[in-house]
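*Asks:*
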Amino acid sequence: MEFKKIPASHIITQQFLTLIRAELSGTVDPGLGIILKELKQANLSLRFCAFENYLTQKILYLGVDLLSEENEEALLETFTHTANCEDLTFISQVGKIMVYGPHFGEVPGILGVTFSALSRSRVTPLAISASSSSLSWLFSPQQFKPALEVIYNLFEFPKNYSL
Numbered sequence: 001m002e003f004k005k006i007p008a009s010h011i012i013t014q015q016f017l018t019l020i021r022a023e024l025s026g027t028v029d030p031g032l033g034i035i036l037k038e039l040k041q042a043n044l045s046l047r048f049c050a051f052e053n054y055l056t057q058k059i060l061y062l063g064v065d066l067l068s069e070e071n072e073e074a075l076l077e078t079f080t081h082t083a084n085c086e087d088l089t090f091i092s093q094v095g096k097i098m099v100y101g102p103h104f105g106e107v108p109g110i111l112g113v114t115f116s117a118l119s120r121s122r123v124t125p126l127a128i129s130a131s132s133s134s135l136s137w138l139f140s141p142q143q144f145k146p147a148l149e150v151i152y153n154l155f156e157f158p159k160n161y162s163l
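Below you can see the structure in the form of structure tokens.
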């Protein structure tokens, strides 16, 4: 059976981001508004946002501009005291790959297909986000280039399109 690439319109990449992974109590409002206000006050752009919701906990993934030490300390304070954060991790130098396409919501199993292709290449995303028209992944700096190759080969972009 021949592999058919998934139609997409374009791909965007960004490097030198910080991934903030916060585990929050599942019964408490995470105070997302306060967190976003803190990002705005620190003049940090939100480049990625994903949320996992379980019965006993919530996990928030935020990709922001590379953090300075002072920004990291301010965010640590906000997450621990205001958002009732149980565990907080900052991962620096991550890269984001975002693919836009026509109606990804109509492509059955698209997340599974992309995750399977990445796994076969021994590439593990740090976080994944999806909408009806885009897919986004965050990768460590070591896995960014291999991930980009896998994703670029998985999707069909318009003619004359290059990275």
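Note that my numbering gives residue 120 to position 120 of the sequence shown, counting from 1, and the numbers run on in steps of one. All residues carry an ideal CB built from backbone N, CA and C; glycine is no exception. Remember, predicted model here, so these are calculated numbers, not experimental data.
Quick one: any contact between the stretch 127 to 147 and the stretch 86 to 105, if contact means 3 or more CB pairs under 8 Å?
*Replies:* With the cut-off at 8 Å, the stretch 127 to 147 and the stretch 86 to 105 touch.
*Asks:* How close, in whole Å, do the beta carbons of PHE104 and HIS10 come, if the pair is a contact with beta carbons under 8 Å?
*Replies:* Numbered from its first residue, the sequence shown carries residue 104 at position 104. Numbered from its first residue, the sequence shown carries residue 10 at position 10. Contact flag wrong, Cβ pair sits at about 13 Å.
*Asks:* Using the Cα positions of LYS46 and GLU73, report the straight-line distance between them to the nearest angstrom.
*Replies:* Numbered from its first residue, the sequence shown carries residue 46 at position 46. Numbered from its first residue, the sequence shown carries residue 73 at position 73. The residue you asked about is not Lys; residue 46 is Leu in the sequence shown. Their backbone Cα atoms lie some 17 Å apart in a straight line.
*Asks:* Could you give the distance in angstroms between the alpha-carbon of GLN15 and the alpha-carbon of SER25?
*Replies:* Your numbering for residue 15 matches position 15 in the sequence shown. Your numbering for residue 25 matches position 25 in the sequence shown. So the alpha carbons of these two residues sit roughly 30 Å apart.
*Asks:* Excluding five sequence neighbours on each side, which residues of the same chain lie with their C-beta closer than 6 Å to the C-beta of LEU67?
*Replies:* What you label residue 67 is simply residue 67 of the sequence shown in a count that begins at 1. Excluding residues within five positions, the ones whose Cβ falls inside 6 Å are THR18.
*Asks:* Determine the extent of the alpha helix (DSSP H) in which ARG120 is found, giving its start and end residues.
*Replies:* To locate residue 120, count along the sequence shown from 1; it is residue 120. Per DSSP, ARG120 belongs to the alpha helix (DSSP H) from 110 to 120.
*Asks:* Mind checking which residues open and close the beta strand (DSSP E) that includes VAL150?
*Replies:* Position 150 of the sequence shown holds residue 150. Where VAL150 is concerned, there is no enclosing beta strand (DSSP E), although the alpha helix (DSSP H) it sits in stretches over 141 to 154.
*Asks:* For ASP65, which of THR89, SER131 and LEU39 has the nearest alpha-carbon?
*Replies:* For the purposes of this step, residue 65 is identified with residue 65 of the sequence shown, where counting begins at 1. For the residues THR89, SER131 and LEU39, the minimum Cα distance to ASP65 belongs to LEU39.
*Asks:* Tell me whether the beta-carbon of ALA8 lies closer than 8 Å to the beta-carbon of VAL99.
*Replies:* As a first step, residue 8 must be located in the sequence shown, where it is residue number 8. As a first step, residue 99 must be located in the sequence shown, where it is residue number 99. Yes. Within cutoff.
*Asks:* Between which two residues does the alpha helix (DSSP H) harbouring LEU76 extend?
*Replies:* What you label residue 76 is simply residue 76 of the sequence shown in a count that begins at 1. Looking at the DSSP string, the run of the alpha helix (DSSP H) that includes LEU76 is 69 to 77.
*Asks:* CA-CA distance, VAL113 and LYS5?
*Replies:* In the sequence shown, residue 113 corresponds to position 113, counting from 1. In the sequence shown, residue 5 corresponds to position 5, counting from 1. Their backbone Cα atoms lie some 11 Å apart in a straight line.
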